[in-house]
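For this note's numbering, count along the sequence shown from 1 and bump the result up by 31. All C-beta atoms, glycine included, are put in the ideal place defined by N, C-alpha and C. One structure below.
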Amino acid sequence: MNYNLTSLKENSYFKSKSYFNEKDSITLEFNVYNLEEEPLKNVMIYYLNEQKEFVDANEDKDGNRTLVLKKGHYKDKVEVFIDGEFLDKQILVLRADRNYILEIYMSNSESQGFYHPKAIKGDIQAYKILNFEDNFIELKNTEVNFKLIKNKN
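As structure tokens, this is what we get:
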């Protein structure tokens with residue numbers, strides 16, 4: 032098996048601008064897109080507040096999302112979670128003393144939820160073919176023999 036042939040997918044990423052003000056809270060503004068820069072709806076943006084409860088971002092009629100956090104409740108950083116159905120989840124770690132305008136770019140995922148497949152690259156695994164028939168193949172690597180049987184469907 033030659034994992035050097037694995038094509039890698041582009042990861043989710045974000046761009047940010049930050050600024051300071053004298054208010055008693057910070058504002059995090061989010062615009063969320065797919066990798067083709069098309070706006071995404073139905074994306075969850077949330078953080079864990081000081082009572083250890085998840086708080087969702089407010090969404091306006093245009094789909095822009097905002098989180099407002101009280102200053103002083105977080106020591107240095109706040110974690111913001113961004114997730115959606117069949118999207119590659121992001122966790123942003125932001126400084127808790129400044130406001131942000133964030134552009135989030137989400138890549139697709141083959142699976143739903145927190146598990147996302149891992150790409151393997153730069154690894155070659157050699158197997159000796161012990162037996163090859165129409166309905167199965169028997170292989171051996173340095174440690175074990177195994178048999179792959181063709182599905183009868």
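Judged by their CB atoms, L66 and S140 are not nearer to each other than the 7 Å cut-off. A residue is called buried once 16 or more other Cβ atoms fall within 10 Å of its Cβ, and I113 is buried on that count.
Contact check for R96 and F51: beta-carbon distance about 21 Å, past the 8 Å limit, so the pair fails to qualify. E41 and Y77 have their alpha carbons spaced roughly 23 Å apart.
Contact between the stretch 70-84 and the stretch 109-129 is established, with three or more Cβ pairs separated by less than 8 Å. In its chain, beyond the 5 residues on either side, S56 and T58 have a beta carbon closer than 6 Å to the beta carbon of V99. In the structure shown, F167 adopts extended strand secondary structure according to DSSP, grouped into three states.
Counting every other CB atom within 10 Å of its CB across the protein chains shown gives S38 a total below 16, marking it as exposed.
The beta carbons of Q121 and S47 sit about 12 Å from each other, so the pair does not count as a contact at 8 Å. At the C-beta level, S49 and Y105 stay beyond 7 Å of one another.
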